[in-house]
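Below is one structure, written out as structure tokens; the observations come after it.
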Amino acid sequence: MTRTIMIVGNGDIEQRVAQRIDGADMVIRFNGSRNFNRAGSRTDVVAVCNTGRPAKAMVQNEAWRDSVPVKDCRAIWSVRDGQKFQRIKPDVLACFPELIDFFDDYTEAFAEFALSRGKEHVVLPAALHDAVDAELATFQPAPYVVPSSGLMVMAYLLNDPAFVGDEIAFAGFSHQGWDGHPFEAERQLVNAYVSAGRLTRLAA
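In the working numbering, the protein residues as written are 1088 to 1291.
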């Protein structure tokens, strides 16, 4: 049976779109779920950046641990593979030496937290990161650090056999933010997914 899966970014979302989000079979949110309630209230998965200061600010923060999206979700998805990050660390630091703490790995802390709350913990595989980098290269991005969490989750759903045949939709992505992500190339790649019928962009 075909499921409807909603990927909800932290950007602006219109009310009519929010209502459609809550009607999905599976809703994935990110990190602090900043637009929660304005972007619907259902949460099945919280996808997290599990390295660096953003990870530390979440997993060591009781406000995040006890937030409604985190309490409601059944799974935590860590979007960064620790071994992959150690492999890219020398090259990244050669270009971005200020990012030394970006490679602090909190994967185990998220895993322990998920276990303590009876939630599944999934780490997106290193091979997925490699595949996303290869797809982005088509659009000749400027040097960047890593793909965004949003793009990693989109690619995971599009390539994992568990989601074959599902309708995958997204909303709340502006493709803007931290300059370590290749947002212009990501925008073009996501548009290609939409044009190919692999993703649906929700609009009121």
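Positions of the beta carbon are idealized from the N, C-alpha and C atoms, including for glycine.
All values reported here derive from a predicted model rather than from experimental measurement.
For A1279, the closest of S1261, A1249, R1129, E1222 by C-alpha to C-alpha distance is E1222.
For T1091, the enclosing beta strand (DSSP E) has its first and last residue at 1091–1095. The DSSP assignment places complete alpha helix (DSSP H) segments of no fewer than 4 residues inside the segment 1123–1156 at 1139–1146, 1149–1152, in order along the chain. For the options H1262, A1283, R1285, R1167, the alpha carbon positioned closest to that of R1274 is the one of H1262.
Rounded to the nearest whole angstrom, the C-alpha separation of F1123 and D1099 is 11 Å.
For S1236, the closest alpha carbon among the candidates Q1106, T1138, D1247 is that of T1138. Burial is judged here by how many other beta carbons sit within 10 angstroms of a residue's own beta carbon; V1166 has at least 16 and is buried.
Beta-carbon to beta-carbon, A1105 and T1091 are separated by about 15 Å, too far to satisfy the 8 Å threshold. DSSP lists V1133 as the bridge partner or partners of R1116. In the displayed model, F1190 falls within a helix according to three-state DSSP.
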